[in-house]
Structure formats: C-alpha cells, structure tokens
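A short write-up of the structure that comes next.
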Amino acid sequence: MSRLNIVKRLKKVKKFTILVHVIAFAVSLVWIIPFFGVFMASIRPLPEILDGWWNFEVFNPTLRGYIEAWNHPSAPLSRALLNSLLVTIPSTFTPIFIAALGAYSFARFKFPTRDILFLVIVLLQTIPQQMVIIPIFNTMIRIGLWNNYIGLILVHTAFALPWQILFLRNFFSVLPVEVEEAARIDGASYLKIFYKIVLPLTLPALASLTALQFVWVWNDFFFATVLILPTPESRLATQAIPAMLGRLQPDWTVVSAASIIVMLIPIAIYVALQRYYVRGIVAGAVKG
Amino acid sequence: MRRQIFPFLFLIPSLFLLVIFVLFPVVNTVYISFLNQEGKFVGFDNYAKVFSDKSFWNPKNLIEGKPPPYGALIHNGIWIMIHLPLSVFFGLLLAVLLRDVKGGAIIKSAVFLGVVIPMIVGGVLLRFIYEDDAGIVNAFLRVIGLGHLARTWTAFPDTILLSLILGSVWIWTGFSMIVYSAGLEGIPTELFESAKIDGASRWRTFWRITVPMLKPATIVVVTMTLLWELKIFDIVWVIQQGGPLEGSMVMAVIMYLQAFVYRPTNFHVASAIATLLTVMTFGFAAYLVNRMVKS
Amino acid sequence: MKKSKAISQTVWMAIVAILIIIIAAMGVGWYLTLQAPREKPTLTVFSLWSGAEEANFKEALERFTNNTGITVRHIGYSTQELLITVPTQLRAGVTIADVIIAPWPSWILSLAGDGHLTSVTDMIDATKFPETYLDVVTTGNEIYGIPFKVSGKPGFWYRKSFFTNNGLTVPTTYNEFKTLLANISQIEGVEAAIASGNGVGWPLSDTTEAFIIGLGGYQLQLDLIFGDEQFNSTTVKDVFVELVSLLQAGYFSVPDDFDLQVARVWDGTYGIYFQGSFITAFEPFSENLDDVAFFPFPGTDGATGAVDYAIMPALTKHPVEARQLMEFLAGAEAQEIMVGLGGFLAANSDVPDTAYSPIDLSVLEFMRTVTIVPDLDDAIGPPFQTTFWDQLKGLWVAPTTDLDTLLQALQDDWAPPPF
C-alpha cells in the first residue's frame, strides 16, 4: 500500500473511532441519568425535586430523606435491611450445599432414572413463581410456617435448586475424574472426596451461584409479599418501598433515599463478585 | 446395592424440597384450575371465565385502533413485541460499541445495573422519571419543544403501558448486552483478521461473521427476555397495580389480584391464569431451546 | 494438586464459618418472627391512619392504657396494604391484629360472612348510633362493626373572604349554582371553578355522589347501592349528562393531590372544593378556620357519611383485652377525643355538642337535617369500587367519554352488597 493510502486509512479509522466513542458515551449517558436523578432526588428537599432535580440554582442538600427512610414509622429500613439479610443469607448458602450434592451425583454416578430425573429438574427452571404460590401459601399455613422467615427461606431454597443443579452438574462434568478416582483407591469415602477435593475446586462456580442467588432473593418481592405479613418489624426491604409510596403524592426525597439504600446491597454484591456473576449469567443457567 | 443407593442419598435433600415446594405445587395448581369454588370438577370453565373477563382479554379497543386497555394477555403480547426487539438490538449495539471504548467496562457495568436492582425499585425509578414536574422525560420533551405533551405518563390508562414497556427496555437491555459481550469475546479473532485481509468492510464483517457466530447468544437472550416479559409483576404492581383502568394489567398481576385481593378471592381462576402463563412460558422456552440444541 | 490441599484448609474453615452464620441467622430469624407472648398482653391495632390522624388516635389509646393498664400498639397502613394484609392473615388463621379500623362496610361484611370476625352486638348500645351506620355492617342479625369516627361530606368548601371580595353568594338552587360556577370562572386568576382531588379516586367519587344525591335524591343513592336502580337507567344517565356538561364547560380543575388543592382554593386558583369535613384539618384551612365555610349541594336531601368501623378478628390471641378496647372505642370518652382533631364527627350520640369546634358543629348540624346515606362505592365494595374510581378518573380527563359504555361498565361490576 502506498503511503498516501495508509494515511487515508488511518484517518478513516480515527474518525470512525471518535464516532464510536461519541455514540458510546451518549448512549451511556442516557442509561446512567435516571440513576443520577434518583441520587439527586434523595439528597434534595421535595420542593427542589418538584421543580426538577436538574436545576441547580437552588441547591440545599439534605440528609432528611435517608434519616426518614431509616426510621420510617411503618417501614423502617433499619429493620427491613436486617430482615432481608436474615432471609437472603440462608437462602443463598443452603441451596448451594444441597444442589452441590445433587449435581455431583448426576455428574459422577450412573444410576437408573438418572437422565429422566435430570431432565425433569432442568425443566422445573421455567416454572414461574405464580404457578406455585397458591399451593405454597396453603402448605405454609398448614405447617405453621406462614409469616415465618424459615418458610420463605425454604421456598427460595427449593426454587434455586433446578438451575443450581444444572449449573453445577455441567461444571462437575468438566472436572477431571482422575484425582477423585485416585482418592477413592486410597480408600476415601465419597463424602470425603466431595468435601475435601471436589468442593474446593468448585469455588468459582460457587461464587457465581452465591452472587446470582443473593441478588435474586434480595430483590424478590412476590414470594415475600405473599408469605410475610408486613408489619414494621417483619417487612423485608422490597416490601418497605411500596409502603413508603403512601396514599398521597410520594415524598420523593424519602422514597429515593430508600430506593438507593435498598439497591446498594445487590449492586455491592454484583461489584464484588462481578466476574462470577457475569459468568453465571452467561452460562445460560440463570432464571429470568 | 450400596452403590445403587449412594447417588440417591446425595439427591434426597434436593428431591425432598423440589417435590414439596415445586413439583407438588405445580400439579396442585393445575388441578385446582379445573375445580370451582365449591370443589366440584368443572373442566375448562375457569379458563373460559378467564377469557371472558375483560381485564384479561379485551381486543375491542385494539381492533378499533383505540388506546389501551386491551386486557392482560394482549398487554403481555405487546410488551413482547416492543420490548424484545428493542432490548436485543440495544444490547447488541452496546456490546459492539463498548467493546473497544476506553472505560467500556465501567459503562457496561452501569448499564447492567438495571438488571441487578430490585424490580420494585425499578418501578419506582420509572414512576419518578415519568412524573409531570419531577420527571426527566417531560423535562426532555420541554427542551425539544414538545412541552405540550408533558404529563404524568403513568397516570393515564392510554399511556401507561407504553411508558412502562419503554422503561423496561432501559432496565433490561443490560442483560442482553452482557450476554452479547461474552458472545463477542468468544468469536475467534482469526475470523476477523482473515476478513480484513480479504478486504471486507466493517458492515459486511458484522453481518456475515459476527451475527451468525452470535446465534447461541441470541437464543439465550431471546429466551430469557421472553420469559422476563411474560412474568413481569413488580414494576407494574408498584406503580399502579395494573391500573389505571387496567391500562397496565399483566397476567402475573391479575393472577395475584384474583388470588389475594379481589373479594371473594378466587384461587381457581387465579390458578387457571397461572397455568396459562406457565404453558406459554414453557412453550416458548422449549421451542427456543430446541432450536439452540439443533444449531 | 498440592495447591488444592492448601486451599482445602481455608475452604474448610470458610465453610464452617458460613454454616455458623447460617445457623445463627436462622436462629435469630426464628426468634424474631415467632415472638414469645409477653406477660402483659399488648394489643395491636391496624388502621389507615398516619400523621395527625394517627397522633390523635394514639391520644385515645393512651387514655385506654391509663384506664386499663393494657398497652396498645398501632400500625398504620396504606389502603392497598390493609385490603390485602387483613384478609390474608385472617385466612391464614394467624392474626396479628386484635382490632382493625376500616371504612368499608361491604368488606367488613364479607369478612364476617367468612366467619373471620367477632360479633359486636353485645359490645355496644345500639340506640346511641344512627341506624344507617349499623345497618350496613349487620348480617344475620349480628352487628360486626362499631362506628367509631365519622367524616361527613357536607358540601362545597370555600374561602369566605374569596366570596365576599368577589361579590359571590352562596347558591340555594341548582341554577344559582351553575351561575356561581360561571361567575367564578370569570374571576381573574381562577383556573377552574371547582377543585378536583386526585388519589385512588375517592375525591372524584365523593363529588359524583354529591351530584347523584343532589340531583337524584338520597333514595337514588340507596337504590343504586342495593340494586333497586340500574346505573344505565335514564335517571342516572341524566345526572351524568349534567355532570359531563359541567366538565366540558371547564368548571372542574385537573385532578391533583387532594391536599395540595386546599392551598389552591385558598389562594384563589380554584373557587370551591367538594370534600369531606376532615378537609378542615389541612392547611391553610386549619390555620384560618373562621374564613372557611361550606354550602351543601343546593336542594340536596342527603349526604354521605363515611364511617370508620372498629372490627375484631375472631381468632385474636387476646379476646378479653380486645373486647375491652372495642367497648372503649364505642364509648363517648374515646369518641370525644377523636373529635378533638377537628374535621370529624363522633358516631356515638352521647358525645356533647360542646366537644366540637364551631365549624364541625355546623357540619354536624347540617348532617342532622338530611338523611345520611353510606358512601356508594364503599358500600358496594370492589370490584365496583375500583371500576367506579377508574371510570371517573377517565371521565375527568376526557369528559367526552361515551356515557353508555361507562354506565354499563359500572352496572356490570355492581354486585349486591353482602347484607
């Protein structure tokens, strides 16, 4: 290629790159503005918000929104966040153990009905919450676990199993069998092999499951709203927000502050475990 | 013998929970949907009732070219028709654009936030941006000279559905973007290099190489997005609970209202709606997964 | 493989730590949810009240605690949450609330019909309460709700000085009313003659009912509630045609939050505002009560009274104490405290006239001259109520709506009230 052509090509490439950068930033701006808006609304007094949070002539930031959301009379976030943690943490770790056992079984053992059983479990992933909620509601009443976090934890655990079993089974199938076989020859029990050898190697997968499940349970509203009676003491974080909208015009300062607080937790988990979270999604083994 | 039992031992906890809390409820719901309030078997009566309920199925306005409400089923359908192509398209666009941009990773994370936040908060955000005085959508309209259109979009039956759909594109696009990003990274660079050597233009490369190689990613995105659109609840609920005038009613919401809010509560009709919803979800998922397995 | 051995130590500890966290969390959760009953029973009351109303109610509850030593906890909910939460917990057989205060007679009767409520017939002296209040919560000869607090919807509120400064007079006939609206509309600074309130829809339904009763008589309202009159009859249609003509003339404002509208009536953006008497508790009315007055719908023979009823779940964990609270709420002592907030009336006739502020007294005296009827949508209940509200919201926004369709929709969703 002649020198002139090279220069021409470089210029074309540069223009293109600039164009791409501009479009990228413009689009990104569109996506980020609503979040920025909510943040602004959370620190500004109501009249300023009603005039438009993008106006900065009058700017009197206040922490009132956060304080009132934290101590809200019917939905105090101070309590709601704790309640959500009380449900989310067990709901995140319990299914992992149970699913890991089951997935290992599917991956390593051959037994009759294995493939059919696995197929059924995979199909169960698509079941929407609405399909199971009425019988679950009745069951919980019958076993006395309605309005009890344990009931909610059980439901979340059960719901997590199909996709977690699929995910882990795929993961296990790729792990080399030789190490486990060597240990077996040395006389180790299956359980020991599982916990001392297989599980540690599975950590990246477990991190994915943790990230995805934590966010899913924290964000859940439907199961919580059917199974937990909302009182100021028992509300979960996601139930607290609609309660703050109130009957009249929402106090946007407070509602925005509450929204920011409640969404910060899953965002923090996402940021901390980003790599694993994304891997989990991309593996296609995520529920909508 | 012991060898036979062992795998099942590992599986017992899973099976136990799955049967009680997933399998049995599914069967039970289907069963209930065929009974009436007194417990008698009535065949497809409840399903007929569902379709004769204007909150669920009301194509009259649609046929006459009038604005919503059209009934929950049609609303979900519209949601799919608008939201699916838009979020897939924008996801792909963003994945491609942000691949080589400085700070692209951070921007991608920011766009993805919509998927990570609770949908209740998502709904509150949408309500906020569509408010008359406090919302940026109207501020934008005023800036570009369309201020006379400004209103609280979520307060009117004829505009709430579209507002929510477009808002949900903003929320969900991050998902398709992330999947496509991963898909793009999976395309071997040799393909691009040989295309360059052959003198192919960017456009051609995109259509002839990138898109076909992204087929598995596309199937994942389409399946997951479709399921999300069918099951949408929180956003609609927190804003107007399906209103106003049922302009934003969707299947998941009407199912909840029938089961827990309307008096007298009707578990049976609600179960029928849930079953219909699941059949649709399942049907779409099965079809798409089938295609994925084939390719 | 050496690496995996080194990892497994830390991993092992991590797993143990996580297990401890899980068990601890579940233990705490278990404890907090299944709270052990305390020695001194604490009653829990659910209601719709917040802010000033809640503070006022708490005053009454304090008096109760002073009298009996029983502590009472109050939780205020939004309409939506109360409507969902109460039936759900009653159905689950696990009721947290010992007493519930709600303004929806049909809803109360529906719960009673399912056997969830305790009858209150022997808790009250029925002669002290207006019959219409008790009838709507009676089924099978048992009364299920104690009328606790009444908010009358007497008429159109206005600022007295606004009228005198603009030479306006209170109308005594419907034609004078229309003339008044026309006159108000022409005053400078006025955007609309009548303010419209927003929210779930009750301000609009209240206004509409004023027209139904005012133009059709209180009997029309009762007939519509009980199904002796159809919504798509010519009588009702005439009322709506008249209403629509006023809407189309631009006499009604764009609906906005009902409390914000008070300020706009005050500063002359709007002229009059149909509202319940509780509106006097809102600023700037509340600070300037001597400049505030109302006039009833000209020529009307009835008015709606919205009654807050106290009900008691059958499965309350503290039946003895709950009963005491119910009897207290029925009595003149409690109801007199509630009247102190202003803007509300007591249901118990033993409450003396002297307990009322002048403006409340004027409302009370007006209400005595007309037949009090239940609120239309509260009596019939959902799904009619939601349809009614939604249809009116649509009508206010687009007053050219096909009335036949609208009225038919109302008729379709009418169901006989459960009494």
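Chains as they are written, first to last, in our numbering: chain A, 301 to 588; chain L, 15 to 309; chain C, 208 to 626.
Beta carbons: idealized from backbone N, C-alpha and C, even for Gly.
What residue range is occupied by the uninterrupted beta strand (DSSP E) comprising residue i?
i	result
tryptophan 364 (chain C)	362-366
aspartate 515 (chain C)	509-518
histidine 281 (chain C)	278-283
glycine 320 (chain C)	Unbroken run through glycine 320 (chain C) is the alpha helix (DSSP H), 312-320; no beta strand (DSSP E).
glycine 359 (chain C)	353-359
threonine 362 (chain A)	That residue, threonine 362 (chain A), is in no beta strand (DSSP E); it is neither H nor E in DSSP.
alanine 470 (chain C)	Counting along the chain, alanine 470 (chain C) falls outside any beta strand (DSSP E), though it belongs to the alpha helix (DSSP H) covering 465-473.
leucine 250 (chain C)	249-254
isoleucine 579 (chain C)	578-580
alanine 266 (chain L)	Note, alanine 266 (chain L): premise wrong, no beta strand (DSSP E); alpha helix (DSSP H) at 265-274.
What residue range is occupied by the uninterrupted alpha helix (DSSP H) comprising residue i?
i	result
lysine 385 (chain C)	381-392
phenylalanine 189 (chain L)	171-199
phenylalanine 247 (chain L)	Taken as a continuous stretch (DSSP letters only), phenylalanine 247 (chain L) belongs to no alpha helix (DSSP H), as it is neither H nor E.
valine 432 (chain A)	429-442
alanine 529 (chain C)	526-537
isoleucine 486 (chain C)	First-last for isoleucine 486 (chain C): undefined, no H or E at that position.
alanine 505 (chain A)	503-519
valine 299 (chain C)	Correcting the residue type first, residue 299 (chain C) is alanine in the shown sequence and not valine. Its alpha helix (DSSP H) spans residues 286-299.
isoleucine 561 (chain A)	552-572
Does the beta carbon of residue i sit closer than 9 Å to a beta carbon anywhere in chain L?
i	result
tyrosine 570 (chain A)	yes
arginine 471 (chain C)	no
isoleucine 291 (chain C)	yes
Compute the Euclidean distance between the alpha carbons of residue i and residue j, then round it to the nearest angstrom.
i	j	result
glycine 320 (chain C)	glycine 57 (chain L)	28 Å
threonine 413 (chain A)	proline 21 (chain L)	11 Å
leucine 198 (chain L)	leucine 107 (chain L)	12 Å
glycine 362 (chain C)	phenylalanine 551 (chain C)	14 Å
valine 582 (chain A)	alanine 231 (chain L)	8 Å
glycine 347 (chain C)	proline 27 (chain L)	51 Å
asparagine 383 (chain A)	proline 532 (chain A)	11 Å
leucine 176 (chain L)	valine 420 (chain A)	37 Å
proline 99 (chain L)	threonine 426 (chain A)	22 Å
tryptophan 354 (chain A)	methionine 544 (chain A)	24 Å
phenylalanine 406 (chain A)	valine 235 (chain C)	35 Å
glutamate 490 (chain C)	leucine 375 (chain C)	23 Å
alanine 513 (chain C)	valine 527 (chain C)	29 Å
arginine 344 (chain A)	valine 554 (chain A)	10 Å
threonine 442 (chain C)	glycine 423 (chain C)	7 Å
valine 338 (chain A)	alanine 557 (chain A)	8 Å
So, at 7 Å on beta carbons, what are the nonlocal neighbours of residue i in its own chain, with the 5 sequence-adjacent residues on each side left out?
i	result
leucine 297 (chain C)	Leu318, His323, Pro520
So, helix, strand or coil for residue i, using DSSP?
i	result
glutamine 464 (chain A)	helix
isoleucine 479 (chain C)	strand
phenylalanine 126 (chain L)	helix
threonine 376 (chain C)	coil
valine 306 (chain C)	strand
valine 499 (chain C)	strand
valine 115 (chain L)	coil
isoleucine 453 (chain A)	helix
lysine 315 (chain A)	helix
glycine 421 (chain C)	helix
proline 244 (chain C)	Low per-residue confidence applies at proline 244 (chain C): pLDDT is 48, beneath 50, and the placement is therefore not dependable enough to give any value.
glutamate 348 (chain A)	helix
Please return the same chain residues whose Cβ sits closer than 6 Å to the Cβ of residue i, not counting the five positions on each side in sequence.
i	result
valine 264 (chain L)	Ala86, His89, Asn90, Ile246, Val250
serine 508 (chain A)	Tyr576, Arg579, Gly580
Only counting the same chain, and skipping five residues up and downstream in sequence, which positions put a Cβ closer than 8 Å to that of residue i?
i	result
arginine 245 (chain C)	Residue confidence is low: arginine 245 (chain C) scores 49 on pLDDT, short of 50, so the model does not pin down where it sits. No coordinate-derived value is stated.
leucine 599 (chain C)	Gly408, Leu411, Ser412, Thr415
Are any of the Cβ atoms in chain A nearer than 9 Å to that of residue i?
i	result
asparagine 90 (chain L)	no
proline 27 (chain L)	yes
tyrosine 340 (chain C)	no
Below 8 Å, is the gap between the Cβ of residue i and the nearest heavy atom of the ligand NAP?
i	result
phenylalanine 459 (chain A)	The ligand NAP is not among the ligands present in this structure, which contains no ligands whatsoever.
Quick one: is residue i near chain C, going by C-beta distance under 9 Å?
i	result
tryptophan 370 (chain A)	no
glutamine 51 (chain L)	no
alanine 543 (chain A)	yes
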